[in-house]
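Each remark here refers to the structure printed beneath this line.
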Amino acid sequence: MKSSTLRTFQTVHTWTGVAAGFFLFIAFYAGALTVFHDAIATWQHPPWRAAAAADTDPGDLARNFAAAHPTARRDFGVVLPPPGSAQAPYVYWPSADGARFVTANDLQTLHADLPSESLADFVYELHDSLGLPVVGLYLMGVVSVLYGLALVSGVLIHLPSLVRDLFALRPGRNLKRLWQDAHNVIGLLSLPFHIIFAVTGAVLCLFTVVLLALNTMAFDGRLSSQFANVVNTAPQRAAAGVAAPMQPLSALVARAREAALTNGASSFRPDYVHYMHYGDRHAVVEVRGLSQHTVGTYGTVALDGVSGRVLNVHVADAHNINGLVYSAIFALHFGSYGGMTVKVLYFLLGLGGAFLFYSGNLLWIESRRKRRHADQPARTRWMARATVGVCIGSCLGISAAFLAVALADGRGDTTALQQIAAYGAFALACLWAALREVPRATCELLWATALVTALAAVTDLLRNAHAWTQPWTPLHGVVFGVDLTGLLLAAGFAWLARASGRRALRGDANSVWALPAAANDQGNGSRS
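Numbering-wise (this note's numbering), the sequence shown opens with residue 665 and increments by one.
See the structure below:
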């Protein structure tokens, strides 16, 4: 490869990485936690602390909702909580003025927002769209495209020395080389997964944009009308206008599970029941569920709402190509196609990905600093401040949300509390990084993150102290596992804080990461 071509790829890799790095750090760190979405939801509301609303029967909720709001019968769904969960089922209604979410307690008022956003959903939103409605999703789609460019250019840059440097990790006084080695090793060894994340992330975030563009440019406006017929499991039916009794929700779920297992699924865990024309003779019900040990982990079964007859099956062996591709994209992105081993692997890949973008920023800073001058350029200092504030601040903010929920002790709606804690801690971290010396801010924010993360875990262990003395169930292990993970993360942040402190005192004095006192000491030593 010509040296000029190599420099071009180096430039592309550097600037796509810098442009997308901050967003991707948040997406990967929150994404690592999102892998255990159900576990975090159980941690927030363990069965022994369940609210009365969790005892609501989903079938009763659907029937009462349809009776209280006849105009919604044409199209609504019931979200089912995971088995053994303390979460309450709720109704999802895509009304003309926006989606509405309704629990059993909200049937008369139809609140326009979720009655209580769980902590697990909040962390997922940070991963999915940085917590920014609508615009955040499209932003992350663009970021995923830049992410893909950074991957391709990075592979081409290191391809000539791939075999020689693949397992090279050279500790010593040259910290830039050590960071470069760690960056390269993690990036190359996890490259297949990063390609998956980049491609599936772009598809999931930009799907609507691409669909609208193709509909206008290639299909003369006909794609929108045909798209639903191709991808939907349920046949399109017009209401008959004749009332008819509906099959119980439990019977429909049981029939859907039977149809899924008959068509090759090893398991089928329903999580959403979609009603169309509820109470009508032509009512149709779609049951969506999760299957393990299959590429298309999410599948749907369509049934006649009155007779319970199976109309169509898109599960396992009966998946069509559209459903299989979309389900596979979702499963590959979130690691839902395997058991606990795959989840742990995705969790570690998420943390490794966050390190990849953090180390990329450090390499950018190291490549542009003056090695013989204590006074560094403003651009390197501000990039260092931004890296510390955004990256460590996002970790601190998420831990603060966990601590706020733990301190709330299950009392009331924690939606506003967890958002204030997360965004408030993030803003304070960015402000702290902007005002303090870079090495001091780095150590202080890492210690703060370690402390808050540990406090969240310890607070939860204490508030559930009585449960640990009772006979344990699998859900006890889930809650304890979240707390143990929090303690391990806290230990990791504490180790990073100590390492950063040593670097500030004993590392290269001509660096944005060195304390001024260290620079003076080294200067005096060299003169003597």
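The beta-carbon is built from N, C-alpha and C at its ideal position, and this holds for glycine as well.
Being a predicted model, the structure only gives us computed values, none of them experimental.
With DSSP collapsed to three states, give me the class of Leu1179.
coil
* To do: Report back the beta-carbon spacing between Val977 and Arg919 to the nearest angstrom; my notes put them in contact at under 8 Å.
  => With 8 Å as the limit, Val977 and Arg919 do not qualify as a contact, their Cβ atoms being about 11 Å apart.
Start-to-end residues for the alpha helix (DSSP H) that takes in Glu922: 913-926
Self-check item: Coil, strand or helix - Arg886 by DSSP
Solution: coil
Provide the residue span of the alpha helix (DSSP H) that contains Tyr1001, from first to last. Element bounds for Tyr1001: n/a, residue is neither H nor E.
Which of the three DSSP states, helix, strand or coil, is assigned to Ala902?
-> coil
What number of angstroms, rounded off, separates the C-alpha of Gly972 from the C-alpha of Val937?
13 Å
- When you compare only the Cα positions, how much space is there between Ala726 and Val951? 14 Å
- Query: Ends of the alpha helix (DSSP H) at Asp935?
  - Reply: It is not in any alpha helix (DSSP H) - Asp935 instead sits in the beta strand (DSSP E) that spans 933-940.
DSSP puts Asn976 in a beta bridge; with which residues? Ala966
Worksheet item: Enumerated in chain order, which unbroken segments of the alpha helix (DSSP H) with a length of 4 residues or greater are wholly contained in the stretch 1059-1112?
Response: 1079-1099
By the three-class DSSP mapping on this structure, what secondary structure does Ala929 have? coil
message = Tell me the residue span of the alpha helix (DSSP H) that contains Val1054.
response = Element bounds for Val1054: n/a, residue is neither H nor E.
Check whether the stretch 1100-1107 touches the stretch 1122-1140, counting contact only when three or more Cβ pairs, one atom from each stretch, lie closer than 8 Å. no
query: Is Leu954 helix, strand or coil when you go by DSSP?
result: strand
(Q) Suppose you measure from the CA of Asn879 to the CA of Ala691; what does that come to, to the nearest Å? (A) 30 Å
Taking Val1146 as the reference, which of Trp1177, Ala1070, Thr1079, Tyr1087 has the closest Cα? Ala1070
Query raised in the report: How would you label Pro667, buried or exposed, when you count the other beta carbons within 10 angstroms and need 16 or more for buried?
Result: It should be noted that the sequence gives Ser, not Pro, for residue 667. Burial call: exposed.
Query raised in the report: Does the stretch 859-875 come within contact of the stretch 805-818, defined as at least 3 CB pairs closer than 8 Å?
Result: yes
Are the Cβ atoms of Phe689 and Cys1055 separated by less than 7 Å? yes
Item to check | Rounded separation between Cys869 and Asn986 - CA only | outcome: 17 Å
Exercise. Going by the CB atoms, is the gap between Tyr942 and Ala730 shorter than 7 Å?
Worked result: yes
| If we call anything under 7 Å between Cβ atoms a contact, is Val787 one with Lys1007? | no
### Message
Residues in the same chain with beta-carbon distance under 8 Å from Leu916, minus the five sequence neighbours each way, listed in chain order, please.
### Response
Val937, Val949, Val951, Leu967, Gly969, Gly972
* Asked: Within the chosen definition, does the stretch 924-939 reach the stretch 728-742 through at least 3 CB pairs nearer than 8 Å?
  -> yes
Discussion item. Quick check: the Cα distance between Thr669 and Gly681, rounded to an integer number of angstroms?
Written reply: 18 Å
Problem - Option nearest Ala1097 by Cα separation, candidates Gly1088, Tyr1087, Glu1108 - result: Glu1108
Practice problem: Kindly indicate which residue of Leu1153, Asn1025, Phe1021, Leu697 has the alpha-carbon position closest to the one of Asp792. | Solution: Leu697
Margin query: Helix, strand or coil for Ala907? Go by DSSP, reduced to three states.
Written below: strand
For Ala929, collect the residues of the same chain with a Cβ closer than 6 Å to its Cβ; drop the 5 residues on either side in sequence, then sort them by chain order. Ser955, Val979, Ala980
> Looking only at its own chain, which residues have a Cβ that is under 7 Å from the Cβ of Arg945, when we skip the five neighbours before and after it?
Replying inline: Ala904, Val906, Ala908, Val970
* Over what stretch of residues does the alpha helix (DSSP H) that includes Asp1236 continue unbroken? -> The first residue shown for the chain is 665 and the last is 1192, placing residue 1236 beyond what the model contains.
Q. Looking at C-beta atoms only, is the number of pairs between the stretch 701-710 and the stretch 1130-1149 that lie closer than 8 Å three or more?
A. yes
Exercise. So what does Asp739 bridge to, in DSSP terms?
Worked result: Met940
In chain order, what are the residue ranges of uninterrupted alpha helix (DSSP H) at least 4 long that sit wholly in the stretch 794-822? 799-822
Taking the Cβ atom as the reference point for each residue, do Leu913 and Gly1061 lie within a distance shorter than 7 Å?
no
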